[in-house]
Amino acid sequence: MVLLTGCGVSDSDEGAAPQKSSAPEAAVDEPAQEPSEEGQTPIPGPSLGLASGHRTFSVGETDEYGENYKVTTKMSVRVLDVKYMTPAELDDAKALTLAEFDKTNEPEHGQYLTLTLMLENVGGAPARITTYGMMKWQDTNHAAQDATTLESVGGPALDRTYAPGQSVIGVLVLDVAAKGGTVSYYGTKDPSGEPAFVVTLPSE
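According to my numbering, the stretch in the sequence shown is residues 15 to 218, in order.
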């Protein structure tokens, strides 16, 4: 089961425009955090997943010196699908949407997965979202590591500027060390260093 956790504000689906999706939605679970053993990276929490509906997180900006952070708008995130894939399966997925593509290389860390997200600007100002280099995977045995890749299965890109009310459904191809664990988004300029949202991945 996939769980999505937001480190920002948790919203219910009430008042949100209904979204069509063929993928099942996963539930938010907030299990008690066990103390991490020395040498292990603690898993961020709480987490967001397929049946959890959507979560909101803040997007902001700093001054020219990278200081005085202020929130400028809010984004909503929903997990629509998670699939572990081999390079051959990724090539099959590319062939459905791309006329030309390079064959997929073996994953650097060990395992490809596709993460389908719906992002929507639910605030009152534009929001710039950048996922490349900002998605980190970890589990109880592996420290946080960059999971982003340049692989694509086509379709709309999530990395863009969202005007208020705009939304996009897109697919990220990530490279993780093992099945399970969490993927966290660190693409805001929040100086706290906390992830904007966390997706708890299925173990199979």
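Where a beta carbon is used, it is the ideal one built from N, C-alpha and C, also for glycine.
Identified DSSP bridge partners for residue i
i: TYR126; result: MET99 and ASP189
i: THR87; result: VAL73
i: ASN135; result: MET89
i: GLY184; result: LEU131
i: HIS68; result: ARG92
Other residues of its chain near residue i: CB distance less than 6 Å, five sequence neighbours each side excluded
i: SER26; result: Low per-residue confidence applies at SER26: pLDDT is 41, beneath 50, and the placement is therefore not dependable, though the value from the model is reported in the following sentence. Taken in chain order, the list of residues that qualify is empty.
i: GLU134; result: SER90 and SER181
i: ASP170; result: Position check: residue 170 holds Pro in this sequence, whereas Asp was assumed. Excluding positions up to five away in sequence, the list reads VAL182 and GLY184.
Own chain partners of residue i with C-beta closer than 8 Å, once the 5 adjacent residues on each side are dropped
i: GLN125; result: TYR98, ASP189, VAL190, ALA191, ALA192 and LYS193
i: THR145; result: THR162, LEU172, ASP173, LEU186, TYR199 and GLY201
For residue i, the three-state DSSP class (helix, strand or coil)
i: ASP106; result: helix
i: THR118; result: coil
i: THR145; result: coil
i: THR175; result: strand
i: THR162; result: strand
Buried versus exposed, by CB contacts within 10 Å (16 or more), residue i
i: SER217; result: exposed
i: TYR176; result: buried
For residue j and residue i, believed in contact at Cβ under 8 Å, the rounded distance
i: LYS108; j: GLY184; result: No, LYS108 and GLY184 are not in contact; Cβ-Cβ is about 15 Å, not under 8 Å.
i: LEU62; j: VAL213; result: 6 Å
i: PHE256; j: ALA210; result: This structure cannot speak to residue 256, because the chain is shown only from 15 to 218.
Contacts around residue i, its chain only, beta-carbon distance under 7 Å, and the 5 residues preceding and following it disregarded
i: THR118; result: PRO101, LEU104, ASP105 and GLU165
i: THR86; result: VAL73, GLY74, GLU75 and ALA139
i: LYS84; result: GLY74 and GLU75
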